[in-house]
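Under this note's numbering, the sequence shown has 1207 at position 87, and the numbering climbs by one with no breaks. In this text, a Cβ means the ideal position worked out from N, Cα and C, and glycines have one as well. Data first, discussion second: the structure below is written as structure tokens.
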Amino acid sequence: MPAKRQLPISRAQLAEYFDSATFGRGEVYALENRVLVDTFDIEMPSISAYVRGSKKKPYSVRVRFSKRKSGWVIYTSQCTCPVNYDCKHAAAMLLTAGQIFGFDGEDSGTFVNPEGHFLTAKTAAWLQELNIAARCAKKTKDSTDIDDESNLVYILNSPDNLEYDLTPTIYYAKANKRGPTLTEISHDDVLYESEEYGNVDDMLIAGMLNTFFNNYSYGTADRDAGIVTKLFISMLNTGRCYFRDVNEPPLKLNHPLAASVSWTLLPSGRQKPAITVDKSNVLAFLDPHPWYVDTANWESGPLQLPIAASVIEVLLDAPELEPTETAAVRTALKRFLPDNEAALPIDNFERKTVDRDPVKKLILQSKTVTYADDTLLRRGFAFGHKAPYVAAVFDYGVPGIDLDSNNKQISSIEGNVITIINRNLEMERSAIRQLQQSGLEALPNYLRPSDKLLFIPSVAANEKVITATTWFRFLKSQLPKLQESGWTVEIDPSFTVESVEAEDEWSSEVEDNGGWWFSLEIGIEVEGERIPLLPILLDALRRAPFVFTPDDLESLNVDGKFYAPLEDGRHVALPFERVRDLLSVILDLFDRSSQSDDININPWQAAELTNLGISFENQSRLNALAQRVKSFKGISAIEAPPGFQASLREYQKEGLGWLNFIREFEAGGILADDMGLGKTVQTLCHILIEKTEERLDYPALIVCPTSVLPNWVSEAKKFTPSLRVLALYGAERQNSFNDVYEHDIVVTTYALLHRDKHQLAKRNWHVVVLDEAQFIRNPATLAAQTAFQLQANYRLCLTGTPVENHLGDLWSQFQFLIPGYLGDQKSFASFFRQAIEKHGDRARQAMLSQRVRPFLLRRTKSEVANELPEKTIIIESVQLDGAQRDLYETVRLTMHEKVKEEIHLKGFKRSQIAILEALLRLRQVCCDPRLIGTKFNHKAKDSSKLRRVLDMVTELIDEGRKILIFSQFTSMLDIIAAELQALKIEYVQIRGDTKDRAEPVRKFQAGEIPVFLLSLKAGGTGLNLTAADTVIHYDPWWNPAVENQATDRAHRIGQTKPVFVYKAIAAGTIEERMLQLQEKKKALAEGVFDEKKAASINITEQELEFLFRPLSDDPTVEESAGSYFSKGSTDSSILRLPLNEDKPSQDEKHEEKVEKKPVKRESTTNAPKRNTVTIKRTNNPLESREEKGAKTSVDPFIEALRKQGLSVEDIAAGEFMKKKKRK
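Here is the structure:
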């Protein structure tokens, strides 16, 4: 029997056994490596293996040997191929087996080592492949052709599973803010759509790629080196060829680099071949052609190999050689690869084991942030910018140890010596805990290499982002402690946290922007260069979004230093206290969302800056204002001047002092006293003081609603008769503009403001006063836009409700008063409105309140008018019943479905019209079914609320009470009026179409009429109705400020009787839920005056669902839905009356008299009229025409009086009534 596994026959016997054709084809199959050598099964006297043929499934071949007297011979050869026996597959198997294990009569098999050990089948298979490759290798030559520049992006990738493969891919790059967007395209796209994707050079490259991919496939040994080299050089010369990532620099073509093949000793003692280059950071590739990439310098070029690339490809596929295989492989390679000593495995090595403690290292480095670095992005680092970090390394003297592994041993290989090092894992863990306790936060593992732990300084929960302060605090305080505890520190050149010092002296420049503002620039000197200070301070604030108030600035203090970023990436260290004082002054003016570095200061801030050693010698006006601020001792009460025809209360004298303060500092302010506290009187007295003190250089312009223009004229004539007043009113007003400067006060209306824009805006005014300033709460209206353009020394707003709907109302008024004081509208909305209204942010509420407080004076009746009688608010709940209740549910269900469908189709924000219509319908049903028309209502004619209110009116009149009844619906006032007529109750009314407002007021105030009907809009302002002691709000309005204004027609200075306010509310309906929303708006407005009363307001889809809730049978259920009673109010008490009283109603009394027959409560035109004042209505009322901007026509009544010789001022003052009496 031959040696173990050696074939018992010779090669000559094999050639004789098969016919020459079969043997030749078998040789080809053997050379083509078709025998699957790892399937060899040798159990003498037989051998078997699988051989690849023309089919997908390999054939199974078995050959048996037989011993004869002459020696061993082939007994049979069988195969699963169609030939079945003595085929080319059997010849190929035996030829391959002889090559591996040896033929009889030859030396021991080619792959048997001298000690007689045989190789594993896997190693033997690899050697066979290597042998074939060496015999078939052909030398290649490089090409150096270079193409011109092109405009597509080419990326070279190395697949993870193919270490030595380099794959080119074409991408179409589209630039955007977040970096280029890459779309992979094929070479065919470039060839056939060249107009879209590229130029002629692109087409040439695409043509080479087309040839390359169509004619060759990766993984084959032979390659057309000319095409491949030319392809790679062409792509590199575009300047748009990258290795793996377009965020790295593009690759540059470099000279060929020599490489060699050597065997690497592994810690286990096994060996693995690799391509080696005598240069660090170089990656070598073989497929499709020998090539290298230098990732340190981003260079690339051809790779020069000592052996054919096709041979090296197979060589590198070697399995890890066992130590027992080394000698045999060396013997084989000497035969296959003569003259290549480096390609031979290492034939001897040494192993030793040692204990070693690591050297603890901290390396300060930076990396470019990509969108994969989500942790760094969340910490405030921007895409594409450098992010500093701390790399922790445990240095055992072995590069690249895997810190993720819990292996207790690591290996070090130096030459032929393998050193096994026992890790000190406990020391490593303790060191990591020490880093975390020192304020470092570990980055996720996917962001770091395996041999380093990456850290960034941790931040406080409220800070969220890392700033320069965070880094310098770590570097100045924690890093030295870590060094003392045994950590060594290295600073990489990439580390971006570096500081420089500035000179102590600061310079300043100021320019007068006119009005309240002055632009400021402060300069510092750093390393001999003057640098603007404010832009870098603002940049530091933008990078610290957690700093809102001066108190927050302390978080940026690092051992008495403030670090501000410079353009070159360094930070300048500035004295913290000096910077804090400066930032405390300008922080209020800082708009974080704006990229502008301009800072404008006002006189208050200028005065504070002078205390910091900053002078404004070149600005006399600013210096003068700043000196006034510094000498300001507070606001003192001012007495009325001679000629003022009234006695002022103490709080009104204080108001004069505040108005004088506003004038003195050329600012602007809101006089926001409660309705009825005399805002008009205080303003007129202030203007008289200005004239008395000879400061009234130009007239005062007063803009007011049309309905109160006569009131301003009459009040001026009454209290300040020495002031000359001009009312701009009617078509003939155009003739009066030439006389403007001949007067002390000019009064116009909001409706005329825009129409007279060119006349009013071109003139100078001493002061511009906006009465009922909530009229400009929408800054987009023509009236508001015109008001913003008026020129005045200072400006005033008069309103008891500076915030009616939302905080945007306040912004618009301050934009008129002190433009820019609350920032632009967008930044105000994002910083204040959303935070306060949606999220109830008390800190922002306090900031806003503090910012506006100096320029907003608010006194309530409870604070200053102690002599005012008590105001009691009574919630009069009325239960809907019968057909009205059924109608409410019908309308609710119908409109609710309509609204839900609208929201589904258009979304919540775009469905506002449908929502408002639905809510309007529900409110109308609550008032009276007749308001809704016949679309929903065919049966319901009776109103529970109307019955209750009429009962109340009858009872109250019997008690001698004088009553105001407010409603938003003039059609509801019509119904009430008809009912009052039927009850023979006299009334007067004012609505939007009322021409003569003075006569109904006179009659009511004189006690001639007990009931006054008023529409909420027309009668809610500008009226003094202190004869009334009872106010009935027939229906609620969304905004409580509007209702309060109406109520204060009666509860105001001059009222001597307690005032009872009844709010008629349909229980369990939308009206009751409106009261809750009223409370929200009330709290929002109060938060402006007092930050302690902050509240959020955000009417959501959920609240809309609440408004559409069905009627509740149990009214107590509705009461528990939310608290909307302001119990404990100092100037009023609010009561809820029971739904059913013991006292019978007027209807019940009437039913008894008529034996409880049904009562039909419909107004009749035949009812007798007793002293009823009839107000004629016109389709084109003067007020409506002005508000709509239509052409103004003269009121016939006023025109008739003017023909009698009366001026508009006389008419407004009521002079025509005196003449009538004299007649």
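In this structure, P1899 and Q1945 form a Cβ contact; the two beta carbons are roughly 7 Å apart against a cut-off of 8 Å. Collapsing the DSSP output to three states places Q1126 in coil. Taking G1225 as reference, the option from Q1126, S1932, T1200 and T1216 with the minimal CA-CA separation is Q1126. With contacts defined by Cβ atoms closer than 7 Å, I1938 and A1787 form a contacting pair. For G2002, the enclosing alpha helix (DSSP H) has its first and last residue at G2002 to K2026. Per DSSP, L1657 is one residue of the alpha helix (DSSP H) stretching across L1653 to R1662. For I1721, the enclosing beta strand (DSSP E) stretches over residues I1719 to I1721.
Assigned with DSSP and collapsed to three states, W1383 falls in strand.
Pairing A1588 with Y1516 gives a Cβ-Cβ distance that is not under 7 Å. Excluding sequence positions up to five before and after T1415, its CB lies within less than 6 Å of the CB of N1401, all in the same chain and listed in chain order.
When C-beta atoms of the region 1610-1626 are compared with those of the region 1688-1707, three or more pairs fall below 8 Å, so the two segments count as touching. Cα atoms of M1795 and G1920: separation of roughly 6 Å, rounded to the nearest angstrom. Distance from the CA of T1287 to the CA of V1320, rounded to the nearest whole angstrom, comes to 22 Å. Of the residues V1513, I1994 and C2047, the one whose Cα lies closest to the Cα of V1609 is V1513. Under the criterion of beta carbons closer than 8 Å, Y1870 and P1825 qualify as touching, at roughly 6 Å.
Taking C-beta atoms as the reference points, S2087 and Q2004 fail to come closer than 7 Å.
The Cβ atoms of Y1291 and I1275 lie closer than 7 Å to each other.
According to the DSSP secondary-structure assignment, G1421 is paired through a beta bridge with Y1412. Note on geometry: alpha-carbon atoms of R2111 and A1660 lie some 58 Å from one another. The Cβ neighbour count for L2036, taken over all protein chains shown within 10 Å, is under 16; the residue is labelled exposed. As the crow flies, the alpha-carbon of V1923 is around 6 Å from that of L1930.
Distance from the CA atom of L2143 to the CA atom of D2078, rounded to whole angstroms, is 26 Å. The alpha carbon of D1718 has as its nearest neighbour, out of V1630, Q1772, D2149 and K1773, the alpha carbon of V1630.
DSSP, reduced to helix, strand and coil, places G2142 outside both helices and strands of the structure shown, so it counts as coil. Taken through DSSP and simplified to helix, strand or coil, G1218 comes out as helix. In the three-state scheme derived from DSSP, where H, G and I count as helix and E and B as strand, Q1894 is classed as helix.
A distance below 7 Å separates the beta carbons of W1607 and L1482.
Separation of the CB atoms of V1667 and T2141 is rounded to 43 Å, and the pair is thereby denied contact status at 8 Å.
Scanning P1165, F1456, R2068 and A1580 for the CA closest to the CA of A2184 turns up R2068. When rounded, the separation of the alpha-carbon atoms in S1578 and L1555 is 11 Å. Note that the region 1372-1382 touches the region 1424-1440; at least 3 beta-carbon pairs, one per stretch, sit closer than 8 Å. Within the DSSP bridge table, the entry for R1915 names G1788 and V1888 as partners. Selection K1189, I1956, C1207 and P1422 evaluated against S1180 yields C1207 as nearest (Cα-Cα). Going by C-alpha positions, I1956 is about 52 Å away from N1526.
In this structure, L1373 places its C-beta atom within 7 Å of the C-beta atom of G1421.
Burial is judged here by how many other beta carbons sit within 10 angstroms of a residue's own beta carbon; G1535 has fewer than 16 and is exposed.
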